[in-house]
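The sequence shown runs 1 to 84 under full-length UniProt numbering. All residues carry an ideal CB built from backbone N, CA and C; glycine is no exception.
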Amino acid sequence: MKIRKNGRINMGKYKETDDKLNKYLRLATFPVVVKLLRNPEELNEIKFLKKTEKKIALCQIFSYARYYGWTMGCVKEDNLCPLA
């Protein structure tokens, strides 16, 4: 990732990676990136974040992100699945 002098990020590298993923893997859904935060308050700083109002299994949160392209977030207490 290159940051230009004007402070903007050059997204060309991401486009190239996206093209290669689509060409070689032919994914049926969006790839999902997971970011682990040390402080739960950092969730409030993420734009367009969706959180569920009920407890939900972590795999369901991943599915929302994959199939709908949503930016999802949860804390340990939101997770319904004891295995996660």
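Rounded to the nearest whole angstrom, the CA to CA distance from C74 to K23 is 32 Å. Scanning T71, A57, L25 for the CA closest to the CA of L49 turns up T71.
C-alpha of R26 to C-alpha of E16: approximately 15 Å in a straight line.
Pairing A57 with L43 gives a Cβ-Cβ distance that is not under 8 Å.
When C-alpha distances from A28 are compared across K51, A65, E45, Y14, the shortest belongs to A65.
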